[in-house]
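Right, one structure below, let's go through it.
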Amino acid sequence: MENTIAEAVKFFHLNTLSSPILVKVHFDVIMTMIADTLYSMLAQKLRGFEQCDAPKLYRHFVRAKASLKVKTNEVVLTYPRRAHNPILRAVPWHRLPQSLSWLGGAKLTFKFE
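Below you can see the structure in the form of structure tokens.
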């Protein structure tokens, strides 16, 4: 367990950001655990990546290029062709919230080229 937390802290360590702000240890640990939990939840949705660690998920899915268009009532995220797109297409996106309450209820749409 300690190794898992240590690996998560190493990857998500907020003090590695180029910022003059010092982060309290408790806040740092909480944010690390939240980020680790969110990456674990993402891994459970991606077939074949259920056991992957956060850095690998970040490299393959989060850091990926995409275009973002914000319209009046819609946010469209378009992914270009990539090797991992079939895995993203297989995710049941329709089960996730379709509107962004923090953006005036705008609809979120994923597209793949």
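Read in my numbering, the sequence shown has 35 at position 35, and its numbers run on one by one without any break.
Even for Gly, the Cβ is constructed at its ideal location relative to N, Cα and C.
Since the model is a prediction, treat every value here as computed from it, not as a measurement.
Which partner residues does Tyr-58 have in the DSSP bridge list? Beta-bridge annotation (DSSP): Tyr-58 is not paired with any residue.
From Arg-47 to Pro-92, what does the alpha carbon distance come to, in whole angstroms? 11 Å
Leu-103 - containing alpha helix (DSSP H), residue span: Run containing Leu-103: none; DSSP gives neither H nor E here.
Which residues mark the beginning and the end of the beta strand (DSSP E) in which Leu-68 is found? 67-70
Considering only the beta carbon of each residue, do Tyr-79 and Ala-90 sit closer than 8 Å? no
Which two residues bound the contiguous beta strand (DSSP E) that contains Leu-77? 74-79
State yes or no: is the C-beta of Asn-85 within less than 8 Å of the C-beta of Phe-49? no
Backbone CA spacing between Met-41 and Asn-73 [nearest angstrom]: Approximately 28 Å between the Cα atoms of the pair.
Just reading off the alpha helix (DSSP H) that Arg-89 is part of, what are its end residues? Unbroken alpha helix (DSSP H) run through Arg-89: 85-89.
8 Å CB neighbourhood of Pro-97 in its chain, flanking five on each side removed: Leu-108
How close, in whole Å, do the beta carbons of Leu-68 and Leu-57 come, if the pair is a contact with beta carbons under 8 Å? With a Cβ gap of about 20 Å, Leu-68 and Leu-57 do not count as contacting.
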